[in-house]
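Q:
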Amino acid sequence: MDLFQMMQMVNNYYTSATKEDKTIQKRSVSKKNNLSKTESHKKEIVDNDTANSFSCRVCSTFYPSRKKLMTHMRCKHKVERPYVCVVCQKAFKYSFQLEVHERIHSGDKKYSCDLCSYSCVQKKNLEIHKQRHVRDYKVTCDICGNGFYSANALEEHKNKHSGARPFECHVCGKAYSFQTSYRYHMKKYHPDEVVGTVKTHSCGFCGQTFIFKKHLISHLHQRHSVERSTWLCDICGKSVTDKWSLKHHRMIHTGERPVVCEVCGKGFKNKTLLKVHFRSHSGEKPYTCGTCGKMFTQRSSLNIHERYHSGDRPYACMVCGKGFVSRTLMNSHQKSNHSMTRNKGEEDGSKNS
Numbered sequence: 005m006d007l008f009q010m011m012q013m014v015n016n017y018y019t020s021a022t023k024e025d026k027t028i029q030k031r032s033v034s035k036k037n038n039l040s041k042t043e044s045h046k047k048e049i050v051d052n053d054t055a056n057s058f059s060c061r062v063c064s065t066f067y068p069s070r071k072k073l074m075t076h077m078r079c080k081h082k083v084e085r086p087y088v089c090v091v092c093q094k095a096f097k098y099s100f101q102l103e104v105h106e107r108i109h110s111g112d113k114k115y116s117c118d119l120c121s122y123s124c125v126q127k128k129n130l131e132i133h134k135q136r137h138v139r140d141y142k143v144t145c146d147i148c149g150n151g152f153y154s155a156n157a158l159e160e161h162k163n164k165h166s167g168a169r170p171f172e173c174h175v176c177g178k179a180y181s182f183q184t185s186y187r188y189h190m191k192k193y194h195p196d197e198v199v200g201t202v203k204t205h206s207c208g209f210c211g212q213t214f215i216f217k218k219h220l221i222s223h224l225h226q227r228h229s230v231e232r233s234t235w236l237c238d239i240c241g242k243s244v245t246d247k248w249s250l251k252h253h254r255m256i257h258t259g260e261r262p263v264v265c266e267v268c269g270k271g272f273k274n275k276t277l278l279k280v281h282f283r284s285h286s287g288e289k290p291y292t293c294g295t296c297g298k299m300f301t302q303r304s305s306l307n308i309h310e311r312y313h314s315g316d317r318p319y320a321c322m323v324c325g326k327g328f329v330s331r332t333l334m335n336s337h338q339k340s341n342h343s344m345t346r347n348k349g350e351e352d353g354s355k356n357s
């Protein structure tokens, strides 16, 4: 019921009052006081309807204002970041931080560059951008000498030198050195998992929903003291089945490569990856094509090659119907011939059954 309907309801109530009631009202109070009481009653109805409209996501208690709810969250549940984005579940300590963050989802980019068409949601990002026009680098890589406009950009750049891949896809496990590459991967291969889509993981205790399963697992452990049945990464929340897998996974974040190639010094997470890499030095090609005799270092390369002989084209372009031996070739074809993004190609160019 909106405000107009409530006001109309109150007016109808007083209009339908009996003549006897009206006589009593006239004898007891003046017309001015009647009007004052009417307005007071209207306000009471509105206040009762809007009161307690802010609900605690932990215990479901209602509060009449956001400020009181935030106080409750900090004191009762020890939540240091009570301001949560309803789209992506990211939490903030202060309300103004949430307001700035929400512009990312709404597309409200209020800061624009006066030298080009660039716009952004935060003033500091605009200041960093403007440095590009004058090449005013703030920090420099001590390994290659490249300049960068922020410390964060430099740290991400160093992943290229160390081989660290801290940005891991929680769906397929593929990891990237750069956040932009990770985001592109998510939009291309897992569009349904991108922030802003339907939250499919629901908590059985309080009903709160999450986009990602890892967020639900973390919620169950922190809010409802549910013991974790799997090993959970303390950096990104990814769950694995055993302690060894967790140790192996954390190398993505730490950049640790304990197994080193004695020829070129390149590091790897395990001996299996080193064994495959070492074939590039030894020339060993254990996988041979039974048709033409061509040899390969990896079985996956042999499988793709054999499709040229068999005529098998499991990846088909849904625009023109042309088939391909690999998904990579199909995506390249769709991008160059049909101006399709790889996200679209992944969705439409499905593998033939």
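Just so you know, we're using our numbering here: the sequence shown kicks off at 5 and counts up by one. Glycine included, each C-beta is placed from N, C-alpha and C at the ideal position. None of these values were measured; they are calculated from a predicted model.
Quick check: the Cα distance between S314 and S343, rounded to an integer number of angstroms?
A: Counting from 1 along the sequence shown, the entry for residue 314 is found at position 310. Counting from 1 along the sequence shown, the entry for residue 343 is found at position 339. Each residue's Cα considered, the two are about 29 Å apart.
Q: For S99, report the span of its alpha helix (DSSP H) as first-last.
A: As a working note, residue 99 is residue 95 in the sequence shown. Segment 99 to 110, the alpha helix (DSSP H) holding S99.
Q: May I ask you to report which of helix, strand or coil DSSP gives E310?
A: For the purposes of this step, residue 310 is taken as residue 306 along the sequence shown, with counting starting at 1. Helix at E310.
Q: Taking the continuous alpha helix (DSSP H) assigned at R331, which residues delimit it?
A: Here residue 331 refers to the residue found at position 327 of the sequence shown. Its alpha helix (DSSP H) spans residues 331 to 342.
Q: How big is the Cα-Cα spacing for C374 and L306?
A: Outside the shown range of the chain, which is 5 to 357, sits residue 374, and nothing can be said about it.
Q: Assuming C321 and M334 make a contact with CB atoms under 8 Å, what is their CB distance in whole Å?
A: Start at 1 with the first residue of the sequence shown, and residue 321 comes out as number 317. Start at 1 with the first residue of the sequence shown, and residue 334 comes out as number 330. Sure, about 6 Å apart at Cβ, within 8 Å.
Q: What are the boundary residues of the alpha helix (DSSP H) that includes S166?
A: Counting from 1 along the sequence shown, the entry for residue 166 is found at position 162. Residues 155 to 166.
Q: So does the stretch 168 to 184 actually touch the stretch 266 to 284, counting three or more Cβ pairs closer than 8 Å?
A: Contact fails: fewer than three Cβ-Cβ distances are below 8 Å.
Q: Alpha carbons only, please: which of K289, S154, I221, K128 is nearest the one belonging to H174?
A: Here residue 174 refers to the residue found at position 170 of the sequence shown. H174 has its Cα closest to that of I221, out of K289, S154, I221, K128.
Q: Quick check: what's the CA-CA separation for H109 versus A95?
A: To locate residue 109, count along the sequence shown from 1; it is residue 105. To locate residue 95, count along the sequence shown from 1; it is residue 91. Rounded to whole angstroms, H109 to A95 spans 14 Å at the Cα level.
Q: Please list, in chain order, all residues of the same chain as V267 whose beta carbon is under 6 Å from its beta carbon, the five residues on each side excluded.
A: In the sequence shown, the residue the question calls residue 267 occupies position 263. Closer than 6 Å at the Cβ level, and outside the excluded window around V267, lie H285.
Q: Helix, strand or coil, according to DSSP, for V125 in the structure here?
A: Counting from one through the sequence shown, the residue named residue 125 turns up at place 121. Coil, per DSSP.
Q: Which of helix, strand or coil does DSSP assign to M322?
A: Counted from its first residue, the sequence shown places residue 322 at position 318. Reduced to three states, the DSSP call for M322 is coil.
Q: Starting from L277 and walking both ways along the alpha helix (DSSP H), at which residues does that stretch end?
A: For the purposes of this step, residue 277 is taken as residue 273 along the sequence shown, with counting starting at 1. First-last of the alpha helix (DSSP H) with L277: 275 to 286.
Q: Based on DSSP bridge pairs, tell me the residues matched to Y67.
A: Residue mapping note: residue 67 aligns to position 63 of the sequence shown, counting from 1. BP columns for Y67 point to F58.
Q: Taking 7 Å as the threshold (C-beta atoms), are Y188 and F171 in contact?
A: Looking up residue 171 in the sequence shown gives position 167. Looking up residue 188 in the sequence shown gives position 184. Contact flag unset, no.
Q: What do you get for P86, buried or exposed, if any count of 16 or more other CB atoms within 10 angstroms of its CB means buried?
A: The residue labelled residue 86 in the question sits at position 82 within the sequence shown. So P86 counts as buried.
Q: Relative to the C-alpha of K289, which candidate in D146, M299, H281, T295 has its C-alpha closest?
A: Taking the first residue of the sequence shown as position 1, residue 289 is located at position 285. When each option's Cα is compared against that of K289, the closest is M299.
Q: Below 6 Å CB to CB, which residues in the same chain sit around V88 once its five sequence neighbours on both sides are set aside?
A: Start at 1 with the first residue of the sequence shown, and residue 88 comes out as number 84. Closer than 6 Å at Cβ, skipping near neighbours: A95.
Q: Within its chain, find whatever has a CB closer than 8 Å to the CB of N150; leave out the 5 residues flanking it on each side and keep chain order.
A: On the sequence shown, residue 150 is found 146 positions in, with the first residue counted as 1. Only T144, H161 meet the Cβ criterion.
Q: Can you check whether the CB of R317 is closer than 7 Å to the CB of I256?
A: Within the sequence shown, residue 256 is the residue found at index 252, counting from 1. Within the sequence shown, residue 317 is the residue found at index 313, counting from 1. No.
Q: Go ahead and pull the three-state DSSP assignment for N172.
A: The count along the sequence shown starts at 1 and reaches residue 172 at position 168. Sequence check: residue 172 is Glu here, not Asn. If DSSP states are grouped into helix, strand and coil, E172 belongs with the strands.
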